[in-house]
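Inspection log for the structure reproduced underneath, given as structure tokens.
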Amino acid sequence: MRICYVVAMVAEAKPFIERYGIQLVEDFFSPLPCQLYEGEVNGATLNVVLNGQQQGSDLIGCEAASVATLSAIQRLHPDIVVNSGTCGAFKKNGADIAQVFIGSGVMFHDRRVPGDNTWGTQSLGNYPVWEGSQELAKALGMKTGKVTTGSSLDMQPCDLEIIEKNGGELKDMEGAAVGFVCSLFNVPILYVKSVTDLCDSGAETFEEFSRNLHQACEALKVANEKVIDYLINDPKL
Ligand code: ADE
3 MRICYVVAMV AEAKPFIERY GIQLVEDFFS PLPCQLYEGE VNGATLNVVL NGQQQGSDLI
63 GCEAASVATL SAIQRLHPDI VVNSGTCGAF KKNGADIAQV FIGSGVMFHD RRVPGDNTWG
123 TQSLGNYPVW EGSQELAKAL GMKTGKVTTG SSLDMQPCDL EIIEKNGGEL KDMEGAAVGF
183 VCSLFNVPIL YVKSVTDLCD SGAETFEEFS RNLHQACEAL KVANEKVIDY LINDPKL
């Protein structure tokens, strides 16, 4: 079995790369920016594909996540892709900093295009998530929430309107892009997201995100250890 994590930021992946002692495979995706880490866990292959960096900073966002996911699927043929990272969430939904959620669905919130059942609907995404996501969340005692993706860290009123109308709960910058590519190949996608900031806290998002990043990434590592154990033993995969 091969489990492939797609992760945007080094800070998000580092705690569990170190935990499993998985190794960088240099230039595997060259000339693309994404980077492959590979190792073995209890007889399964564990891959972590990072989006990569440009000018010294992580390539966050949908474009790099699409490239990483496409390359990972075509080159590695994983049984499941796990998109793991940080997110914003809403205190009105009861979310807390460093709480880890499993994605129950995935959509875009910053594609404002008209048309029911045409471009408007397509632009929202709403791609399928792995059918075992709810069961996994229940077994591991984690909450679920709908991932909602846009290209900005901040949230404009027009984003919030789409998020509220479509039940978005976990605001990130990659999830729907990863889900889109997985849907093209029928590869199951599981989301594991840890909260760095509360979009309705009134705080400045980047300041709140930066302050809580370390704590959220440690929580993500602990959650991912349980997720990996669960996936390795899941007969459905
Ligand atoms: N990643 C962490 N927090 C985020 C937020 N508020 N919006 C988008 N991506 C995020």
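When we follow my numbering, the leftmost residue of the sequence shown carries the number 3, and every step to the right adds one.
Built from N, CA and C at the ideal position, the CB exists for glycine as well.
For clarity, every value in this text was computed on a predicted model and none was experimentally measured.
- Query: Hey, how far is the Cα of Gln217 from the Cα of Glu210?
  - Reply: As a position in the sequence shown, residue 217 is number 215, starting the count at 1. As a position in the sequence shown, residue 210 is number 208, starting the count at 1. Spanning the two alpha carbons is a distance of roughly 12 Å.
- Item | Contact between the region 61-79 and the region 199-206 (3+ Cβ pairs under 8 Å) | no
- Item | Around the ligand ADE, Cβ to any heavy atom closer than 6 Å, ordered along the chain | Thr88, Cys89, Gly90, Leu155, Lys173, Asp174, Met175, Thr198, Asp199, Cys201, Thr207, Phe211
- Under 9 Å between C-beta atoms of Val102 and Ala225: Mapped onto the sequence shown, residue 102 falls at position 100. Mapped onto the sequence shown, residue 225 falls at position 223. Yes, these two residues count as a Cβ contact at 9 Å.
- Kindly indicate the opening and closing residues of the alpha helix (DSSP H) around Gln76. What you label residue 76 is simply residue 74 of the sequence shown in a count that begins at 1. Start and end: 64-78.
- Item | Rounded straight-line distance, which links the Cα of Gly90 to that of Arg114 | Walking along the sequence shown from the start, residue 114 turns up at place 112. Walking along the sequence shown from the start, residue 90 turns up at place 88. Their backbone Cα atoms lie some 21 Å apart in a straight line.
- Close-in-space but distant-in-sequence residues of the same chain around Asp199 (CB under 6 Å, 5 per side omitted): The residue you call residue 199 lines up with position 197 of the sequence shown. Only Gly90, Thr207, Glu210, Phe211 meet the Cβ criterion.
- Task: Alpha carbon to alpha carbon, how far is Ile82 from Gly170? Give it in angstroms, no decimals.
- Result: On the sequence shown, position 168 is the one that residue 170 refers to. On the sequence shown, position 80 is the one that residue 82 refers to. Cα to Cα, Gly170 sits roughly 23 Å from Ile82.
- Item | Candidates Val8, Tyr129, Val12, of which the one nearest Thr150 by Cα | Taking the sequence shown and counting its residues from 1, one reaches residue 150 at position 148. Selected option, being the one with the closest Cα: Tyr129.
- Message: Here's a check: name, in chain order, each residue in its chain whose Cβ is nearer than 7 Å to the Cβ of Lys238, leaving out the five neighbours to either side.
- Response: Within the sequence shown, the letter at position 236 stands for residue 238. Answer for Lys238: Gly134, listed in chain order.
- Query: According to DSSP, is Leu34 helix, strand or coil?
  - Reply: Taking the first residue of the sequence shown as 1, we reach residue 34 at position 32. DSSP places Leu34 outside both helix and strand once states are collapsed to three, so it counts as coil.
- Rounded C-beta distance between Leu48 and Gly54? I'm assuming under 8 Å. Counting from 1 along the sequence shown, the entry for residue 48 is found at position 46. Counting from 1 along the sequence shown, the entry for residue 54 is found at position 52. About 19 Å separates the two Cβ atoms, so there is no contact after all.
- Query: Comparing alpha-carbon positions, which option in Leu126, Leu192, Val43, Glu227 lies nearest Asn168?
  - Reply: Taking the sequence shown and counting its residues from 1, the one referred to as residue 168 is at position 166. Ranking the options by Cα distance to Asn168, first place goes to Leu126.
- Message: I need the DSSP call for Gln158, collapsed to helix, strand or coil.
- Response: As a working mapping, residue 158 is identified with position 156 in the sequence shown. Coil at Gln158, not helix or strand.
- Message: Measuring straight from C-alpha to C-alpha, what distance separates Val2 and Thr120?
- Response: No answer is possible for residue 2: it lies beyond the span of the chain, which begins at 3 and ends at 239.
- Along the alpha helix (DSSP H) that carries Arg213, what are the first and last residues, could you check? By one-based count along the sequence shown, residue 213 stands at place 211. From DSSP, the alpha helix (DSSP H) with Arg213 extends over 207-234.
- Query: Measuring CB to CB, does Leu192 end up less than 9 Å from Pro17?
  - Reply: Here residue 192 refers to the residue found at position 190 of the sequence shown. Here residue 17 refers to the residue found at position 15 of the sequence shown. It is not a contact, given that the beta carbons lie outside the stated cut-off.
- Message: If you measure between the beta carbons of Cys160 and Ala13, is that distance less than 9 Å?
- Response: In the sequence shown, counting from the first residue as 1, residue 160 sits at position 158. In the sequence shown, counting from the first residue as 1, residue 13 sits at position 11. The answer is no: Cβ separation not under 9 Å.
- Query: What do you reckon, are the CB atoms on Met11 and Thr88 nearer than 9 Å?
  - Reply: Taking the sequence shown and counting its residues from 1, the one referred to as residue 11 is at position 9. Taking the sequence shown and counting its residues from 1, the one referred to as residue 88 is at position 86. For Met11 and Thr88, yes; Cβs fall inside 9 Å.
- Task: Using 10 angstroms around the beta-carbon of Ser73, count the other beta-carbons present and answer buried if the total reaches 16, otherwise exposed.
- Result: In the sequence shown, counting from the first residue as 1, residue 73 sits at position 71. Result: buried.
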